[in-house]
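Student: Numbering-wise, the sequence shown is residues 405 to 1034 according to my numbering.
By construction, the Cβ of each residue, glycine as well, lies at the ideal position given by its N, Cα and C atoms.
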Amino acid sequence: MMSDQPEQALAFIDSLKDEGYYSEGMANCRRAQVYSEQFQPRVSEVFALRAVKDENLKNENLRYHYFAYVLLINSEQNMGNTERAMTYATEALAESNNDTSFVARKYKPDYLEAIGCCQFALKHVDEGNKSYEQAYKLYEEVLVNADSFSSFYQLFMMAVDAINYNIDNDKIETAIIWLPRLEKAYDQMVTTKNIIDYVKDQATADKEIAEARMYVCAGQPKEAEAHYRAYLATDYAHTPVGRKTSSAYLEASGKWSEMMAALEASDSFYVSNESQYTMKYLTSVLGGQFKAQRHLGHNEGALRIADKLINLLDTVEEKSRQEDAAELAVVYETQEKERKIAEQQADLTRQRLIGTAIAMVLLVVFFTIYTLHRRRAARRLAEVSAVKERIESELRIARDIQMSMVPNVFPDRKGLDLYALMTPAREVGGDLYCYVLQGDRLHFCVGDVSGKGVPASLFMAQATRLFRTFATQGKNPADICTRMNQALSEDNMQNMFITMFVGLIDLKTGHLWFCNAGHNPPVIGGGDSQGEFLQMEVNAPIGLWSDLEYVGEEIENIKGRALFVYTDGLNEAEDPQQEQFGDERLLHILQNTHFDNAKQVIKTLATEVERHRNGAEPNDDLTMMCLRVE
């Protein structure tokens, strides 16, 4: 949602609503998300509540309806309205209990977790643990076929929170019960195919420091120290935020000097980000430093920190009032706009009543005015229709341009069978595929740009041009990804990115060089299983960080083995119940499809996806490429 560019995000949402891509309820849900990411819970609450109460949204898109509940609950929790958050979470849970859809089942554990969090905050510890138990069981049911790290992340963090909440309330035995669950969720998450290195590092840090704190509170200092050393082995542990995270363990261990050093390191982070003017900073950072100094017997240092805390208190309160006022101003501005619209509608109604009352008296004059009005309206309608037609024409032209950038003619060469198909979900999409054949060397790629519509198409066009340029120069796949990343990261104000699989085949030897930039793993045929997902190094998507060096890999010979590359519009295609096509179904079909030619494989998958959708609108662009070298 472009959290660092909220004005552009909100304008984009408005444009999607104006163009008919979003309903009012969907737009309100997305607005609530933008304000939530900007830590403006009051404004987020206004739009989330509207989305929740919008009956049309409930009928047209259940996912947005239930997601709006999540945003509403988060807003109340962030404002400290625990009872109200509990009320909304209970309301959402009751509604999802009466709904047999897959979407309701997916969001139900979220609501139970929120209820448990509120119960812990209200010191209803036993009730909180019961809610967390129910949420855990439902998460396990929902995630039985999950294969993405993001699917397991929430379950993992709930286990971390459960351990910490129970430690905070001296429920060490209950915290220990959550230990194997934490480790299981961690293993499930970090062994997924698309796990990103920095996410894995932070998850490892969260797990190790939670276990270290639990063991020290359970009176097992050796085990605690071992987990703390494992925590220190992560990169996250040495960041300012990571140093602060360790302070709870260091306090429980009585390591006051280390605790003081950790909080001083995190202090600079808060100051550099102007986050020192918050109650959280005063209590957790300065309060922790004060406690450490007292236990170390450094009374003068403790007094200096106390003076600093007191001096900042007034500033924090004033800044908090200013932030509250700014949020309320946005709320009032929104309400004022709606009030003016309501007044305009009321004025229009009064004018119609007056017009009806005097119609018989001024019939001739009215008829004349009416005729002129109709003529103006007709002209206006013609102008609007012309604008709409121009926009539709421009979108058609943009799609034609986009489709012209991907090859629709494939090599007619003995020993090479190559075919690809791209189907945008909208008039203009963000997927791409391309190939460059020079002599006996075939460069090829499949990519998926973040986002949809015209912005994604423009980014796609730039990425396609860069691939062709570097492939024509004979660069290897890893070098192509590195150079594309440097070019696309520069001045990338929209924070767009592209996942890509780039390959190079020597058609004489069958040698394959490839680089995967955050993309879905291809399926390679042959072998005992008659097909398997390609095991490979996971690089970051292209366009996010300009200084990355991408890692490439190679296979000695793939002759006689079909290679199938695709975008997530295939495995994430949804039926009317929003159940996804899935990796297992994809692999099963490929393993049981006799290879006649590449086009036949593509057509078979396209038919299976349509059968799975069963009339549902495509939720993402779909691109597939299949090739085999003999």
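Indicate the three-state DSSP secondary structure (helix, strand or coil) for Asp843 in the structure shown.
Tutor: If you number the sequence shown from 1, residue 843 lands on position 439. The sequence given here has Gly at residue 843, not Asp. Reduced to three states, the DSSP call for Gly843 is coil.
Student: For Gln984, name the three-state secondary structure that DSSP assigns.
Tutor: Locating residue 984 in the sequence shown gives position 580, where the first residue counts as 1. Strand.
Student: Considering only residues of the same chain and omitting the five flanking positions on each side of Ala875, which have a CB-CB separation below 7 Å?
Tutor: For this step, residue 875 is matched to residue 471 along the sequence shown. Closer than 7 Å at Cβ, skipping near neighbours: Val840, His847 and Ile884.
Student: Could you check where the alpha helix (DSSP H) with Asn975 kicks off and where it finishes?
Tutor: Here residue 975 is taken as the residue at index 571 of the sequence shown, counted from 1. Residues Asp972 to Asn975.
Student: Secondary structure at Leu757, three-state DSSP: helix, strand or coil?
Tutor: The residue you call residue 757 lines up with position 353 of the sequence shown. No answer about Leu757 holds up, because its pLDDT of 42 lies below 50 and its placement is not dependable.
Student: Between the C-alpha atoms of Thr643 and Asn432, what's the straight-line distance to the nearest angstrom?
Tutor: Residue mapping note: residue 643 aligns to position 239 of the sequence shown, counting from 1. Residue mapping note: residue 432 aligns to position 28 of the sequence shown, counting from 1. Computed Cα separation, rounded: 36 Å.
Student: Kindly indicate the opening and closing residues of the alpha helix (DSSP H) around Phe471.
Tutor: As a working note, residue 471 is residue 67 in the sequence shown. Leu466 to Asn482 is the extent of the alpha helix (DSSP H) around Phe471.
Student: Please classify Arg1015 as buried or exposed, where buried requires at least 16 neighbouring CB atoms within 10 angstroms.
Tutor: Against the sequence shown, residue 1015 aligns to sequence position 611. Arg1015 should be labelled exposed.
Student: What are the uninterrupted segments assigned as alpha helix (DSSP H) that are 4 or more residues long and contained completely in the segment 634-677, given in chain order?
Tutor: Fully enclosed alpha helix (DSSP H) runs of 4 or longer: 644-649, 651-657 and 660-676.
Student: Under the three-state reduction of DSSP, which class applies to Gly834: helix, strand or coil?
Tutor: The residue given as residue 834 occupies position 430 in the sequence shown. In the structure shown, Gly834 sits in coil (DSSP, three-state: anything other than H, G, I, E or B).
Student: Should Asp852 be labelled buried (16 or more other beta-carbon atoms within 10 Å of its own) or exposed?
Tutor: Taking the sequence shown and counting its residues from 1, one reaches residue 852 at position 448. It is buried - the Cβ of Asp852 has at least 16 other Cβ atoms within 10 Å.
Student: Out of Asp572, Ala452, Phe968 and Met900, which has the shortest C-alpha to C-alpha gap to Asp987?
Tutor: Locating residue 987 in the sequence shown gives position 583, counting from the first residue. Asp987 has its Cα closest to that of Phe968, out of Asp572, Ala452, Phe968 and Met900.
Student: For His670, I'd like the list of residues in its chain whose CB is within less than 7 Å of its CB, leaving aside the five on either flank, ordered along the chain.
Tutor: Locating residue 670 in the sequence shown gives position 266, where the first residue counts as 1. With the sequence shown as reference, residue 670 is identified as Ser, and His is not the correct amino acid for it. Pro644, Val645, Arg647, Lys648 and Val689, listed in sequence order.
Student: Please state the DSSP three-state secondary structure of Ala508.
Tutor: Within the sequence shown, residue 508 is the residue found at index 104, counting from 1. In the structure shown, Ala508 sits in a helix (DSSP, three-state: H, G or I).
Student: Per DSSP, what kind of secondary structure is Glu936 in: helix, strand or coil?
Tutor: Position 532 of the sequence shown, counted from the start, is the residue given in the question as residue 936. Glu936: strand per DSSP, three-state reduction.
Student: Going by DSSP in three states, Phe848 sits in which element: helix, strand or coil?
Tutor: Here residue 848 refers to the residue found at position 444 when the sequence shown is read from its first residue. Strand.
Student: Measure the alpha-carbon distance for Cys1030 versus Tyr473 and round it to whole angstroms.
Tutor: Numbered from its first residue, the sequence shown carries residue 1030 at position 626. Numbered from its first residue, the sequence shown carries residue 473 at position 69. C-alpha separation (whole angstroms): 42 Å.
Student: Note down the Cα distance separating Asp1024 from Arg708, rounded to an integer number of angstroms.
Tutor: If you number the sequence shown from 1, residue 1024 lands on position 620. If you number the sequence shown from 1, residue 708 lands on position 304. When rounded, the distance between both Cα atoms is 58 Å.
Student: Hey, how far is the Cα of Ala802 from the Cα of Ala1002?
Tutor: Translated into the one-based positions of the sequence shown, residue 802 becomes position 398. Translated into the one-based positions of the sequence shown, residue 1002 becomes position 598. Annotation note: pLDDT 49 at Ala802 (below 50); position unreliable, coordinate value reported separately. Those two C-alpha atoms are separated by around 28 Å.
Student: Among all the DSSP beta bridges, which residues are the ones paired with Gly701?
Tutor: For the purposes of this step, residue 701 is taken as the residue at position 297 of the sequence shown. Paired residue(s): none; Gly701 is not in a bridge.
Student: Should Ile714 be labelled buried (16 or more other beta-carbon atoms within 10 Å of its own) or exposed?
Tutor: The residue labelled residue 714 in the question sits at position 310 within the sequence shown. Residue environment: Ile714 is assigned as exposed (fewer than 16 neighbouring CB atoms within 10 Å of its CB, all protein chains considered).
Student: Any contact of the segment 519-533 with the segment 547-558, i.e. 3+ C-beta pairs under 8 Å?
Tutor: no
Student: Report the rounded CA-to-CA distance for Asn896 versus Gly947, giving the unit in angstroms.
Tutor: Sequence index remark: in the sequence shown, residue 896 carries index 492 (1-based). Sequence index remark: in the sequence shown, residue 947 carries index 543 (1-based). Here the C-alpha atom of Asn896 lies approximately 7 Å from the C-alpha atom of Gly947.
Student: Using the three-state DSSP reduction, which class does Gln749 fall into: helix, strand or coil?
Tutor: What you label residue 749 is simply residue 345 of the sequence shown in a count that begins at 1. Reliability of the predicted coordinates at Gln749 is poor, the pLDDT of 49 falling under 50, and the value obtained from them is presented with this limitation in mind. Note: Gln749 maps to helix in three-state DSSP.
Student: Rounding to the nearest angstrom, what Cα-Cα distance links Ile600 and Glu704 in this structure?
Tutor: The residue labelled residue 600 in the question sits at position 196 within the sequence shown. The residue labelled residue 704 in the question sits at position 300 within the sequence shown. Going by the C-alpha atoms only, they are around 46 Å apart.
Student: Would you list the residues sitting across from Leu1031 in a DSSP beta bridge?
Tutor: Start at 1 with the first residue of the sequence shown, and residue 1031 comes out as number 627. For Leu1031, which the question treats as bridged, DSSP gives the partners Leu822 and Leu967.
Student: Just verifying my parser: in three-state terms, what is the DSSP assignment at Glu544?
Tutor: Here the question's residue 544 lines up with position 140 in the sequence shown. Reduced to three states, the DSSP call for Glu544 is helix.
Student: For Thr997, which residues in the same chain have their Cβ closer than 7 Å to its Cβ, ignoring the five residues on either side in sequence?
Tutor: Position 593 of the sequence shown, counting from 1, holds the residue named residue 997. Within the same chain, Thr997 has close Cβ partners Val1005 and Thr1008.
Student: Which residue comes first and which comes last in the alpha helix (DSSP H) that contains Ala455?
Tutor: What you label residue 455 is simply residue 51 of the sequence shown in a count that begins at 1. Per DSSP, Ala455 belongs to the alpha helix (DSSP H) from Pro445 to Lys457.
Student: Pick from Asn812, Gly819, Asp816 and Arg817: whose alpha carbon is nearest that of Leu825?
Tutor: Position 421 of the sequence shown, counting from 1, holds the residue named residue 825. Checked all of Asn812, Gly819, Asp816 and Arg817; the closest Cα to Leu825 is Asn812.
Student: What do you reckon, are the CB atoms on Ala966 and Arg1032 nearer than 8 Å?
Tutor: To locate residue 966, count along the sequence shown from 1; it is residue 562. To locate residue 1032, count along the sequence shown from 1; it is residue 628. With a cutoff of 8 Å on beta-carbon distance, Ala966 and Arg1032 are scored as near each other.
Student: Taking the continuous beta strand (DSSP E) assigned at Met904, which residues delimit it?
Tutor: As a working note, residue 904 is residue 500 in the sequence shown. Ile902 to Asp910 is the span of the beta strand (DSSP E), which, as asked, contains Met904.
Student: Per DSSP, Cys433 forms a beta bridge with which residues?
Tutor: If you number the sequence shown from 1, residue 433 lands on position 29. Note: Cys433 sits in no beta bridge, so no partner.
Student: Nearest to Ala607 by alpha carbon, out of Thr504, Leu636 and Ser419?
Tutor: Indexing the sequence shown from 1 puts residue 607 at position 203. Of the candidates Thr504, Leu636 and Ser419, the one whose C-alpha sits nearest the C-alpha of Ala607 is Leu636.
Student: Pick out whichever of Ser950, Val564 and Leu908 has its Cα sitting closest to the Cα of Pro584.
Tutor: One-based indexing of the sequence shown puts residue 584 at position 180. Comparing Cα positions, the closest option is Val564.
Student: Whole angstroms are fine: how far does the CA of Lys912 sit from the CA of Pro828?
Tutor: Your numbering for residue 828 matches position 424 in the sequence shown. Your numbering for residue 912 matches position 508 in the sequence shown. Roughly 35 Å between the two C-alpha positions.
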